[in-house]
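**Student:** Structure in structure tokens, see below.
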Amino acid sequence: MSDESDTISDRIQGKLDDLTRAERQLALSILENYPASGLGPLAELAERANVSVPTVARMVQKLGYNGYPEFQAELREELGAIAKGPIAKHETWAGAAPLEHILNRFTDAVIDNIRNTLAHIDPDAFDAACALVADQKRHLYIVGGRITHTLADYLFMHMQMIRPNLTHVQSTSNAWPHYLLNADEGDVFVIFDVRRYENNTLKLAEMARARGAKIVLFTDQWRSPIHRLADVSLTSRIIVPSAWDSLATTMLLVESMISAVQTLNWDDTKDRMEALEEIFDKTKLFRKFT
1 MSDESDTISD RIQGKLDDLT RAERQLALSI LENYPASGLG PLAELAERAN VSVPTVARMV
61 QKLGYNGYPE FQAELREELG AIAKGPIAKH ETWAGAAPLE HILNRFTDAV IDNIRNTLAH
121 IDPDAFDAAC ALVADQKRHL YIVGGRITHT LADYLFMHMQ MIRPNLTHVQ STSNAWPHYL
181 LNADEGDVFV IFDVRRYENN TLKLAEMARA RGAKIVLFTD QWRSPIHRLA DVSLTSRIIV
241 PSAWDSLATT MLLVESMISA VQTLNWDDTK DRMEALEEIF DKTKLFRKFT
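Residue numbers (UniProt numbering): 1 to 290.
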């Protein structure tokens with residue numbers, strides 16, 4: 001079994017260029033409804049992907065498994081990991097906790113998450129996401145969840161300084177449907193959704209997509225169901241020795257996006273920052289030392 005930092009999805013995406021046409025067709029079928037797509041009988045998976053049973057067997061071996069049962073066992077393990085709550089996560093780490101100090105263990109885990117994330121991210125996809133977010137002709141909506149609203153708040157605050165024409169959607173509020181009234185075709189929704197994926201957020205994404213909006217998704221290595229609706233999905237590793245997942249790597253991607261978008265819009269951003277500083281001076285928000 002692989003550990004939680006290396007998913008079957010990662011293996012499939014890493015092998016796509018080496019697969020035959022039929023195997024690639026099968027791989028894309030699996031990714032379409034991952035990880036649940038591979039939990040049924042082998043023949044059922046082959047029929048759904050419109051490929052032969054031997055094609056499934058060959059591709060599973062190319063991914064490094066001895067057979068379909070081993071492949072399925074790891075899928076079930078991933079499905080269990082997705083559903084873990086804080087207590088289960090803590091028990092997973094506590095049972096095998098090394099003796100080193102938590103500062104070192106936690107930092108090592110975060111660094112490993114960053115390395116894994118950067119090894120799998122597509123720079124072209126990241127650039128495409130930044131271009132969508134930077135396009136001031138498109139209204140920008142930023143959506144967070146129960147925990148990830150902190151990242152949404154952070155991104156929204158910086159985007160307020162960088163560009164006009166944006167809205168912070170409170171996805172956990174009963175009022176979120178009101179935000180969709182003004183959503184038009186081509187608008188951009190930046191959505192944060194990590195494991196224990198939220199039903200409200202998925203419903204919002206479905207409705208935004210139905211209105212013709214573009215979706216940029218920040219998610220984890222297992223990928224939120226929203227990834228099937230997203231124009232760009234940016235995945236981060238989130239496993240740390242804690243009852244809670246880490247958003248440190250996701251924050252790295254968010255801050256990288258902020259830097260990229262401000263550069264794309266620098267002339268306008270500079271003007272907005274200068275105007276904001278004048279407002280700060282008038283309100284005496286910050287202490288002056290000169």
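No residue lacks a Cβ here, since even glycine has one placed at the ideal position from N, Cα and C.
Going along the chain, which residues of its own chain have a beta-carbon closer than 8 Å to the beta-carbon of Tyr-154, five neighbours each way excluded?
**Tutor:** Excluding positions up to five away in sequence, the list reads Met-251, Val-254.
**Student:** For a quick check, are the C-beta atoms of Glu-133 and Thr-201 less than 8 Å apart?
**Tutor:** For the sequence presented, residue 133 should be read as Val rather than Glu. No.
**Student:** So the alpha helix (DSSP H) Val-261 belongs to, where does it begin and stop?
**Tutor:** Start and end: 248-264.
**Student:** DSSP three-state label for Phe-286, please.
**Tutor:** Three-state result, Phe-286: coil.
**Student:** Straight-line CA distance for Arg-195 to Lys-282?
**Tutor:** The alpha-carbon atoms of Arg-195 and Lys-282 are separated by roughly 44 Å.
**Student:** Decide if Phe-286 is buried, meaning its Cβ has at least 16 other Cβ atoms within 10 Å, or exposed.
**Tutor:** Its Cβ having fewer than 16 others within 10 Å, Phe-286 is exposed.
**Student:** Using the Cα positions of Phe-192 and Lys-62, report the straight-line distance between them to the nearest angstrom.
**Tutor:** Rounded to whole angstroms, Phe-192 to Lys-62 spans 33 Å at the Cα level.
**Student:** Around the Cβ of Ser-224, are there at least 16 other Cβ atoms within 10 angstroms (buried) or fewer (exposed)?
**Tutor:** Under this definition Ser-224 is a buried residue.
**Student:** Note down, in chain order, each residue of its chain lying with its Cβ closer than 7 Å to the Cβ of Leu-28, except the 5 sequence neighbours on either side.
**Tutor:** Excluding sequence neighbours, Leu-28 sits near nothing in its chain.
**Student:** Given this structure, state the Cα-to-Cα distance separating Arg-115 from His-101, to the nearest angstrom.
**Tutor:** Taking the straight line from one Cα to the other gives about 21 Å.
**Student:** Using only the alpha-carbon positions, how far apart do Val-216 and Asp-112 sit?
**Tutor:** Cα to Cα, Val-216 sits roughly 24 Å from Asp-112.
**Student:** When you compare the CB positions of Thr-269 and Thr-117, do they come within less than 8 Å of one another, or not?
**Tutor:** For Thr-269 and Thr-117, no; Cβs fall outside 8 Å.
**Student:** Suppose the cutoff is 6 Å on Cβ atoms and the five residues either side in sequence are ignored; what does the same chain contact list for Asp-184 look like?
**Tutor:** Excluding positions up to five away in sequence, the list is empty.
**Student:** Note down, one range per segment and in chain order, each alpha helix (DSSP H) of at least 4 residues found wholly within the UniProt domain "HTH rpiR-type" (6-82).
**Tutor:** As far as the UniProt domain "HTH rpiR-type" (6-82) is concerned, its whole alpha helix (DSSP H) runs of at least 4 residues are 8-15, 21-32, 42-49, 53-62, 68-82.
**Student:** Can you give me the C-alpha to C-alpha distance between Ala-129 and Ile-8, rounded to a whole angstrom?
**Tutor:** Approximately 24 Å between the Cα atoms of the pair.
**Student:** Tell me which same chain residues have a C-beta within less than 6 Å of the C-beta of Met-159, skipping the five on either side of it?
**Tutor:** Taken in chain order, the residues that qualify are Leu-166.
**Student:** Using only alpha-carbon positions, find the residue among Asp-10, Asp-18, Arg-58, Thr-107 that is nearest to Glu-74.
**Tutor:** Cα-wise, what sits closest to Glu-74 is Asp-10.
**Student:** Which one of Ala-213, Arg-58, Lys-137, Arg-163 has the shortest CA to CA distance from Ala-260?
**Tutor:** Selected option, being the one with the closest Cα: Arg-163.
**Student:** Take the Cβ of Arg-146 as the centre, count every other Cβ of all protein chains shown within 10 Å, and call the residue buried at 16 or more, exposed below.
**Tutor:** Exposed, by the Cβ-count rule.
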